[in-house]
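Numbered per the numbering used here, the sequence shown finishes at 456, counting up by one with no gaps.
Everything on this sheet refers to the single structure shown next.
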Amino acid sequence: MQKLFIKTYGCQMNVYDSERIADTLSPMGFTLTENPDDADLAILNTCHIREKAEQKMYSDLGRLRDRRDERRQENEDMIIAVGGCVAQAEGAEIMRQAPYVDIVFGPQAYHRLPEMVARAKRAKDAKEGKIGRGVGVVDTDFPIESKFDTLPQTEVSRAAAFLTIQEGCDKFCTYCVVPYTRGAEFSRPVADVIEEAKHLARLGAKEITLLGQNVNAYHGLPPVGHSEWGLGRLIREIAEVEGIERIRYTTSHPSDMDQDLIDAHRDVPQLMPYLHLPVQAGSNRVLEAMNRKHTRESYLEILEKLRQARPDIALSSDFIVGFPGESEKDFEQTLDLVRQVRYAQAYSFKYSIRPGTPAGLMELQLPEDVKSDRLQQLQAVLNEHQLAFNQASVGKVMKVLMERKGRYDGQLTGRTPYMQSITIEGNERLLGQIVDVVIDSGHANGVRGSVRLVS
Ligand code: SAH
Ligand code: SF4
Ligand code: F3S
Numbered sequence: 002m003q004k005l006f007i008k009t010y011g012c013q014m015n016v017y018d019s020e021r022i023a024d025t026l027s028p029m030g031f032t033l034t035e036n037p038d039d040a041d042l043a044i045l046n047t048c049h050i051r052e053k054a055e056q057k058m059y060s061d062l063g064r065l066r067d068r069r070d071e072r073r074q075e076n077e078d079m080i081i082a083v084g085g086c087v088a089q090a091e092g093a094e095i096m097r098q099a100p101y102v103d104i105v106f107g108p109q110a111y112h113r114l115p116e117m118v119a120r121a122k123r124a125k126d127a128k129e130g131k132i133g134r135g136v137g138v139v140d141t142d143f144p145i146e147s148k149f150d151t152l153p154q155t156e157v158s159r160a161a162a163f164l165t166i167q168e169g170c171d172k173f174c175t176y177c178v179v180p181y182t183r184g185a186e187f188s189r190p191v192a193d194v195i196e197e198a199k200h201l202a203r204l205g206a207k208e209i210t211l212l213g214q215n216v217n218a219y220h221g222l223p224p225v226g227h228s229e230w231g232l233g234r235l236i237r238e239i240a241e242v243e244g245i246e247r248i249r250y251t252t253s254h255p256s257d258m259d260q261d262l263i264d265a266h267r268d269v270p271q272l273m274p275y276l277h278l279p280v281q282a283g284s285n286r287v288l289e290a291m292n293r294k295h296t297r298e299s300y301l302e303i304l305e306k307l308r309q310a311r312p313d314i315a316l317s318s319d320f321i322v323g324f325p326g327e328s329e330k331d332f333e334q335t336l337d338l339v340r341q342v343r344y345a346q347a348y349s350f351k352y353s354i355r356p357g358t359p360a361g362l363m364e365l366q367l368p369e370d371v372k373s374d375r376l377q378q379l380q381a382v383l384n385e386h387q388l389a390f391n392q393a394s395v396g397k398v399m400k401v402l403m404e405r406k407g408r409y410d411g412q413l414t415g416r417t418p419y420m421q422s423i424t425i426e427g428n429e430r431l432l433g434q435i436v437d438v439v440i441d442s443g444h445a446n447g448v449r450g451s452v453r454l455v456s
């Protein structure tokens, strides 16, 4: 048996992709290992969204090279491969900066990985003895055929599973690399999605998270007829799949939040009362410079409609502070919007220049200390709201899907319907079950609870 090590960075789509990469390579005799020292094939599935993610990849690559050198002293070898969004955006640069890498493949090419691995192996055998250089197999094309058509179905069972239904993005926010790394927006046909949902349910999934860079832009070919289905309609259909008790989707764009999808939050009990709907900034001036295609007002209006449809919905967002030209007044408007919405969770970042994006060329790039200062201010408010939300849950009974063992013996963790992470003391046989839990305490990053006993 050969050992495969995969390290995943970035978004949930990369997590999904990594699982499928493992599925694709398993017929070649690769089994997963957690330990890179053992790996015959090591893959970094990379993210290019911010500069830090990219730097991390290069330092991890250096470490892999050292391990490979050690293995070679024992007459073993290691194929080093880089996949994902850095590979797509900077394949040639990786080969220059890290010439010891053997394979570079983009996010649209992983179904061709077995072939690339076979080629790398042959090339390695032929070049035996040349220390320090990789064999240079590169595939970063956007192929005509879809990777989804040629992939084997997963056999990994998970109570909370991911299902990618859409890829790519046509929005071109001026700061973002995704439209360049993932390519044009593409939706999988409804029938394929339903088939995969049924398959996941048979493997034991109780919750499915539908994934896409712009998941609510979904417009899939229908099972019959010609008029495409939106996400609302698809969710209603997935709710009919036996065994699927909880549905989530991420990530959404405000301008694709149509009425049918909002109505689904009212009509479909399996659809969880939580939505990650990134706003990025609270000032219309900044939103326009970001090319977000929504305003502060139109965003708040959507939230209002969502709350009408599902009054208990918990909201989450992404924020970027220190976008080029963001004034103190602009930033105040972000704080103001946050105070108005009171998010249950949020992710916030300092603006980071991405090569090749329009915002990277804008004048008035802000100094690092201004960005850091604003990020701190914003996070203070977001954290306060998150803690308040978690504390307000105390005393409630919630249905929790127990997903994995906790850090300490006897602990289990999962997510509440509102996406709070929750830890309970409980028996392992509750894993994979949906359990009634009483919330005992609320904390900065989640809640603690105990199994409600039948009285
Ligand atoms: N498709 C999703 C996710 C995009 S990436 C969406 O549209 O929301 C996740 C988050 O990373 C973004 O929402 C944004 O907040 C952040 N991000 C993207 N590019 C960035 C950049 N250049 N600098 C800082 N944060 C960035
Ligand atoms: Fe990037 Fe904007 Fe597309 Fe999201 S919507 S992936 S932030 S370009
Ligand atoms: Fe990162 Fe690519 Fe996802 S850039 S956030 S891994 S789409």
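All residues carry an ideal CB built from backbone N, CA and C; glycine is no exception.
What's the gap between the Cα of residue 60 and the Cα of residue 66? 10 Å
Would you mind giving the Cβ-Cβ distance between residue 381 and residue 320, rounded to the nearest angstrom? I have them listed as a contact below 8 Å. Contact doesn't hold; Cβ gap of about 13 Å is too wide.
Residues in its own chain within less than 7 Å of residue 453 by CB, not counting five upstream and five downstream? 398, 437, 438, 439
Just verifying my parser: in three-state terms, what is the DSSP assignment at residue 448? strand
contact_flag[the region 269 to 286, the region 310 to 318] where n(CB pairs < 8 Å) is 3 or more: yes
Kindly indicate which three-state DSSP category residue 80 falls into: helix, strand or coil? strand
For residue 176, count neighbouring Cβ atoms within 10 angstroms of its own Cβ and tell me buried if that reaches 16, exposed if not. buried
Using a Cβ-based criterion (distance less than 7 Å to any ligand heavy atom), does residue 351 qualify as near the ligand SF4? no
Residue 9 to residue 83, Cα distance in whole Å? 10 Å
For a test of the three-state rule: what should DSSP assign to residue 200, helix, strand or coil? helix
Helix, strand or coil at residue 140 [DSSP, three-state]: strand
Around the C-beta of residue 38, are 16 or more other C-beta atoms found within 10 angstroms, so that it is buried, or is it exposed? exposed
Might you give, ordered along the chain, the residues of its own chain that have their beta carbon closer than 8 Å to the beta carbon of residue 357, omitting 5 neighbours on each side? 90, 178, 181
Determine the direct distance from the alpha carbon of residue 435 to that of residue 420, and round the result to whole angstroms. 14 Å
For residue 170 versus residue 214, is the C-beta distance shorter than 8 Å? yes
Spatially closest choice to residue 428 from 19, 413, 448, 236, by CA coordinates: 413
Ignoring anything shorter than 4 residues or poking outside the region 156 to 218, list the alpha helix (DSSP H) runs there in chain order. 179 to 182, 191 to 203
Check whether the Cβ of residue 214 lies closer than 7 Å to any heavy atom of the ligand SF4, and answer yes or no. yes
My output table needs one value for residue 130: the three-state DSSP class, helix, strand or coil. Note that residue 130 has pLDDT 48, beneath the 50 cutoff, so the model's placement of it is unreliable and the number below is only indicative. It is coil, neither helix nor strand.
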